[in-house]
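For the sequence shown, the working numbering assigns the number 1087 to the initial residue and increments by one for each residue that follows.
Built from N, CA and C at the ideal position, the CB exists for glycine as well.
The structure displayed is predicted, hence computed values, not measured ones.
Report on the following structure.
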Amino acid sequence: DLLPDTALWRPALHYTPPAHWMNDPNGPFFLNGTWHLYYQYNPDGMVWGHTSWGHATSPDLLHWQEQPVALPATRGRDIFSGSVVYDCDNRSGLGTAASPPLLALYTTVFSGDPAHPDGTQAQSVALSLDQGRSFVPHEGNPVLTLHPDSRQFRDPSVIWYAPGKYWVMTTVVADAQVVKLYRSTDLLHWDFLSDFQPSGYRKPGMLWEMPLLIPLPLDGNDHDLRWVMIVSVNPWSIAGGSGVQYFVGHFDGTKFTPDNLPQEGADPAAYRWLDHGADNYAAIRFANAPDQSPRLISWMSNWAYADRLPTSPWRGQMTLPVSLSLRSDHGAITLQQNPAPEYERFAQAHPGRNFTARRLAAGASWHLAMKSGVQDIAVTLKSAGKGKAGLVLRQSADGKEGTRISYDFGTHLLTLDRSHSGKTGFSSNFSLVHIAQLAPRNDTITLHIVVDRNSVELFANGGDLRMTDLIFPQENSNDMTLFATGAPTLVDSLHVADLAP
Ligand code: FRU
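If you want it as structure tokens, here you go:
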């Protein structure tokens, strides 16, 4: 297992544990000026196992400091994913009014316990009275069990439902592809509300994991609240392997009802995907964020090859935090995702270079040297015909390697090709090309791209489409080339900034 340290791929702006395996983000929240992030962590190895909650903190959501494990696996009890609630009114009674408690709601996986058949998954509560540094399991655990489907019952995520003055928990029975909703007024006693199990995109062996229910105003109108149900699915996602689906609809305090589901058996592209790249899973929301607007963070990996990634001595990293909104356009409602305001502030503090508009003839290219492999790029492209245009990122000096992002103004397909991005052969499941439909806005597309030492995150047309992909480029492959083929293209605006040495 011990490979040489791959420091060249250690991201600058994305969390990685200093060492060992990490998967899902867990229980992220904000309190007293500090962002907290927990995560599925194996403190002992480079592959999944001994699942505990690792912990990191950050003042700005971008620079993280590892902290001691906050909730360790113990004999016969593994700790799976979950969320954290800041119980500010001490409704659980586990803290005091003067010092309200933080409660983790998570899944315990039992083994060797006479009270629970091996492999039972049940929801538990743990209490922190030290601002999230450590959590102590509650004596009454588990607080929610399910029979007979208990072996796949996991991933509690809890939100406060203000109109009803209760909390709502979403969980899954993963292999039944169902989200189960519960309610509670004290976080300890949970009553069943409803199941969300739409007909539609299902495949044999598909797991539903990490369900998340989020209210969002439509087009910024607080009087028109819609609800988004986010579900991670594995495998069979749009880019292969694991990925995240979402549904937009209504929630009446009991039941989530999606609008406009595609016909059963429809192509996966007919469904809504949080991300069209391969490396975005287990998205979760930061609780208690200062302005209450949702920020999501995901595991930037894919179960299809996560345990083969060529990094060392760590394996696993998080995406950038992103902000969410809902936009309607001709009756269709789309989730908009953009880097969180904390990222935008950070990027704006790095002035970078702004270029005036430039016309690229068909077949022409425009080369730019970059100082580092941590870059913020914003580009607006307009084609004079039905050509293709785009850019090659993290390009090697000889031009042979690079990650190619290309938009086809004829077919409206956006492609990210990582087949020449450096190391790719570590797993035959490492998918190389990701393609998504993207409608231009006024014949124009805008791409906002955040490049880190081993990743590309693409936000297109102001948040209409997101694509996240890991890459493993060679040292010093930092340059960039814009290109046009088939028809002339106007590079209407271009901004590039180096964000780190
Ligand atoms: C999702 C998941 C969760 C589970 C955790 C275990 O990636 O499978 O369903 O709680 O990982 O590590």
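Would you call the region 1108–1115 and the region 1361–1369 touching, i.e. three or more CB-CB distances under 8 Å? Flag = yes, the region 1108–1115 and the region 1361–1369 touch.
Give a yes or no on whether the C-beta atoms belonging to D1345 and G1335 are separated by under 7 Å. In contact: D1345 and G1335 (Cβ atoms closer than 7 Å).
State the DSSP-derived secondary structure class of D1261, mapped to helix, strand or coil. Helix at D1261.
Would you call the region 1150–1160 and the region 1170–1180 touching, i.e. three or more CB-CB distances under 8 Å? In the pairwise beta carbon analysis, the region 1150–1160 is classified as not touching the region 1170–1180: fewer than three pairs are separated by under 8 Å.
For the alpha helix (DSSP H) containing P1427, name the first residue and the last one. Counting along the chain, the alpha helix (DSSP H) containing P1427 begins and ends at P1427 to Q1434.
Out of S1541, G1549, M1566 and A1355, which one is the CA nearest neighbour of D1555? Checking every option, the nearest Cα to that of D1555 belongs to S1541.
In whole angstroms, what separates the C-alpha of G1488 from that of W1139? Approximately 36 Å between the Cα atoms of the pair.
Return yes when the Cβ of L1213 is within less than 7 Å of the Cβ of P1234, no when it is not. Against a cut-off of 7 Å, the Cβ pair of L1213 and P1234 comes out as no contact.
Which word fits H1362, buried or exposed, when buried means at least 16 other C-beta atoms lie within 10 angstroms of its C-beta? So H1362 ends up on the buried side.
When DSSP labels each residue in this structure, what does D1393 get in the three-state scheme? Here D1393 sits in helix by DSSP.
Thinking C-beta only, is W1313 closer than 7 Å to F1337? Yes, these two residues count as a Cβ contact at 7 Å.
Closer than 8 Å is the cut-off here; do at least three beta carbon pairs connect the region 1121–1137 with the region 1436–1447? No, they do not touch.
Extent of the continuous beta strand (DSSP E) run through V1317: If you look at V1317, you'll find it in the beta strand (DSSP E) that goes N1307 to N1320.
For R1237, three-class secondary structure by DSSP: Secondary structure at R1237: helix, using DSSP grouped into helix, strand and coil.
Please determine if the region 1395–1415 and the region 1301–1321 are in contact, where contact requires at least 3 C-beta pairs separated by less than 8 Å. Result yes; three or more Cβ-Cβ pairs closer than 8 Å.
Buried or exposed (CB count within 10 angstroms, at least 16 for buried), A1352: Counting Cβ neighbours within 10 Å, A1352 comes out exposed, since fewer than 16 surround it.
Indicate the three-state DSSP secondary structure (helix, strand or coil) for W1107 in the structure shown. In the structure shown, the three-state DSSP call for W1107 is strand.
Could you check where the beta strand (DSSP E) with R1163 kicks off and where it finishes? Element bounds for R1163: R1163 to Y1172.
When you compare the CB positions of P1559 and G1508, do they come within less than 7 Å of one another, or not? Yes; because the gap between Cβ atoms is below 7 Å, this pair is in contact.
Report yes if the C-beta distance between A1448 and P1574 is below 7 Å; otherwise report no. When the beta-carbon positions are compared, A1448 and P1574 come within less than 7 Å of each other.
Tell me whether A1098 sits in a helix, a strand or coil according to DSSP, three-state version. Of the three classes helix, strand and coil, the one that applies to A1098 here is coil, per DSSP.
Is it buried or exposed for A1388, if we count other Cβ within 10 angstroms and need 16 for buried? The amino acid occupying residue 1388 in the given sequence is Asn; Ala does not appear at that position. Burial call: buried.
Would the beta-carbon of R1163 be found less than 6 Å away from any heavy atom of the ligand FMN? For the ligand FMN, the structure offers nothing, since it holds only the ligand FRU.
Please list the terminal residues of the continuous beta strand (DSSP E) segment that includes Y1367. Element bounds for Y1367: Y1367 to R1371.
Drop a sphere of 10 angstroms on the beta-carbon of F1512, count the other beta-carbons inside from all chains shown, and report buried for 16 or more, exposed for fewer. Around the beta carbon of F1512, a 10 Å sphere encloses fewer than 16 other beta carbons of the protein chains shown; the residue is thus reported as exposed.
Under DSSP, the beta strand (DSSP E) around P1303 begins and ends at which residues? From DSSP, the beta strand (DSSP E) with P1303 extends over L1293 to L1304.
Mapping the DSSP letters down to three states, classify P1354 as helix, strand or coil. In the three-state reduction of the DSSP assignment, P1354 falls in the helix class, which pools H, G and I.
Closer than 6 Å to a non-hydrogen atom of the ligand FRU - does that hold for the CB of Q1126? The answer is yes for Q1126.
Short check: CB of P1297 to CB of T1256, under 7 Å? Going by beta carbons, P1297 and T1256 fall inside the 7 Å limit.
So, helix, strand or coil for P1249, using DSSP? DSSP places P1249 in helix when its eight states are reduced to three.
Per DSSP, the bridge partner or partners of L1551: BP columns for L1551 point to A1546.
Proximity winner among A1183, G1205 and I1531, relative to V1195 (alpha-carbon distances): When each option's Cα is compared against that of V1195, the closest is G1205.
So the candidates are A1455, L1274, P1154 and E1295; which of them puts its Cα closest to the Cα of K1266? That would be E1295, whose Cα lies nearest to the Cα of K1266.
For the region 1397–1407 and the region 1374–1383, state whether three or more C-beta atom pairs, one from each stretch, are separated by less than 8 Å. The region 1397–1407 vs the region 1374–1383: in contact.
Let's see if you can read the secondary structure: which residues bound the beta strand (DSSP E) around S1451? First-last of the beta strand (DSSP E) with S1451: S1451 to L1454.
Chain-order list of residues whose beta-carbon lies under 7 Å from that of N1547 (same chain, five-residue window excluded): Annotation for N1547: L1524, R1527, I1531 and T1532 place their beta carbon closer than 7 Å to its own, counting only its chain and skipping 5 residues before and after.
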